[in-house]
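Numbering (numbering that gives the first Met the number 0), first residue to last: 0 to 427. Think of the CB as a built atom: it goes at the ideal place given N, C-alpha and C, for glycine as much as any other residue. Quick caveat: nothing in here was measured; it's all calculated off a predicted structure. Please read the structure below before turning to the comments.
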Amino acid sequence: MSSRFQYTLVTLSGVLVALLLVGVLLGQNRPAPSSDPYRHLNVFTEVLAKIKSDYVEEPDMKSVSLGAINGLLVSLDPFACYLNADQYKQYLKTLENPKGGVGLILSRKYGYELSVVDAIPGSPADRQGLTTGDIIEAINGILTRDMPLAFADVLLHGEPGTEVELRVLRLSRPEPVTVKLKRAVVTPPPPEARMLDGETGYIAVTDLTAGKAEKVAEAVRELTGKGAKKLVLDLRHAALSEPAEGVVLADLFLDKGLIATLEGQKVKKQVFEASPAKTVYRGPLVLLTNRGTTGAAEIAAAALAANQRAELVGERTYGDAAMRKPVPAGDGGAVIMAVAKYHAPDGKAINETSVTPQHLVSDVEAPQTMDEEEGAAPAPPDLRQPEKKEDTVLKKALEILGGKADQAHAAPVAAPAAAAGKTLHKGA
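Take a look at the structure:
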């Protein structure tokens, strides 16, 4: 049985089990105000007792309980997890001093496997070809299926120059690939700004951490000073971010209108409106997105599209825009989860709807399926893809702007040798 088939079977089984657990714990409908919100815990306790007494072999009840907790959290938030006391201490230590990383942003959004949201451009992971949708089966030989997401990030960090070994599954391949990455510490690069022709400026933003929107504003001023009357803002692969920076970015291009709202059960509702005093550009604008466009970039894209300020070209975004924080637990551990969500101007939570461009254009070539049983040629030993000769997404953007389509030939984006993230637990 191939690893790909095993992965599919295990994933489907896991999803079914998770759905059953969530159904038992939360119920299919919102409970009536008078009902006991904890009444389903009795059922949960009974299920645990049945597992302990009747399962085919005596289980490790600690692992079963932790798996149930993390399964429940992931069903609510793909970036959520529970860390025990020791893991939480290591997590806080990594946040304070991240040392070296490999540039991976991880999630459990699709199924319950540890999957790649994106690899930060120029990072060790990016140079080895890891990309959105890849499954990380193991880190240094430790299986990740039941590993808390934030602890996976801890394992990916370490002293610069040291190696970490990943076992990676890509659904277009029959078997996992073992990849060794050398950790490094680098500051994410500034936005890349260049003229595509005499009137069209191009700005590529690969992260939206604190202060990066102001760097975009500087790039806009630079290009308009060179004669740019039309702009392309490339938010593809902008996965490393602090959500609030998306509000600042959108405000650079909006005179008026609602940008977003932020609201949670214990977070007071905040409404973000555009201010004309902060606007730096009012001309034609096209935004580029892909599956790695996440968080702050999604907030900006949703606001500019809803206010009819920009046209969006590319792929549907990842679907994650939330405020997260660790909530300490009584055992010394912590639950890391979303405490508030950002909503687009139409009122929909970006986490639930993502952002869909008006012009859907894929920037990824369809993968060639490898099937050993059919005698197909073996896959290359690494995950790197051939460099594309033409950027079809940028080409479409230039067509919309009336620019020169022949300027859309791919040009490498200046990027550092590696990258490390410090935004909560999302960059490793």
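Check, Outcome
"Let me confirm a value: M60 is counted as buried when at least 16 other C-beta atoms fall within 10 Å, else exposed. Which label applies?", "exposed"
"Between the C-alpha atoms of A427 and I141, what's the straight-line distance to the nearest angstrom?", "17 Å"
"Between the alpha carbons of G346 and A259, how many angstroms are there, rounded?", "8 Å"
"Applying the criterion that 16 or more other CB atoms from any shown protein chain within 10 Å of the CB defines a buried residue, is S361 buried or exposed?", "exposed"
"Would you give the residue range spanned by the beta strand (DSSP E) that Y201 belongs to?", "T199 to A203"
"Under 8 Å, with one C-beta from each stretch per pair, do the segment 199 to 219 and the segment 163 to 171 reach the 3-pair mark?", "no"
"Here's a check: name, in chain order, each residue in its chain whose Cβ is nearer than 8 Å to the Cβ of Y280, leaving out the five neighbours to either side.", "V219, T223, L230, L251 and F252"
"My assumption, with CB atoms under 8 Å, is that S171 sits in contact with T208. Please give the rounded CB distance.", "32 Å between Cβ atoms; not a contact."
"For R383, is the classification buried or exposed, using 16 other Cβ atoms within 10 angstroms of its Cβ as the cut-off for buried?", "exposed"
"Using a threshold of 8 Å, state whether the C-beta atoms of T161 and A151 are closer than that.", "no"
"To which residues does DSSP link H342 through a beta bridge?", "T260 and A348"
"Reducing DSSP to helix, strand and coil, say where D250 ends up.", "helix"
"Taking the alpha-carbon positions, what's the D76 to A192 distance?", "35 Å"
"Can you give me the Cβ contacts of F271 inside the same chain, cut-off strictly under 6 Å, excluding the 5 residues immediately before and after it?", "V246, I258 and A259"
"What residues are listed by DSSP as bridge partners for V231?", "Y201 and V285"
"Going along the chain, which unbroken runs of the beta strand (DSSP E) with 3 or more residues stay wholly within the segment 116 to 141?", "134 to 138"
"Between P159 and R182, is the Cβ-Cβ spacing less than 8 Å?", "yes"
"Going by the beta-carbon positions, is the gap between D133 and S114 smaller than 8 Å?", "yes"
"Going straight from the alpha carbon of G121 to that of A227, what length do you get?", "28 Å"
"Using three-state DSSP, classify F150 as helix, strand or coil.", "helix"
"Rank M336, Y317 and D85 by C-alpha distance to the C-alpha of L71 and give the top, closest one.", "M336"
"Take the Cβ of A276 as the centre, count every other Cβ of all protein chains shown within 10 Å, and call the residue buried at 16 or more, exposed below.", "exposed"
"So what's L359 in DSSP terms, helix, strand or just coil?", "strand"
"Can you give me the C-alpha to C-alpha distance between N28 and T288, rounded to a whole angstrom?", "Summary for N28: the model assigns pLDDT 44, below 50, so the residue's position carries little reliability, and this model does not support an answer."
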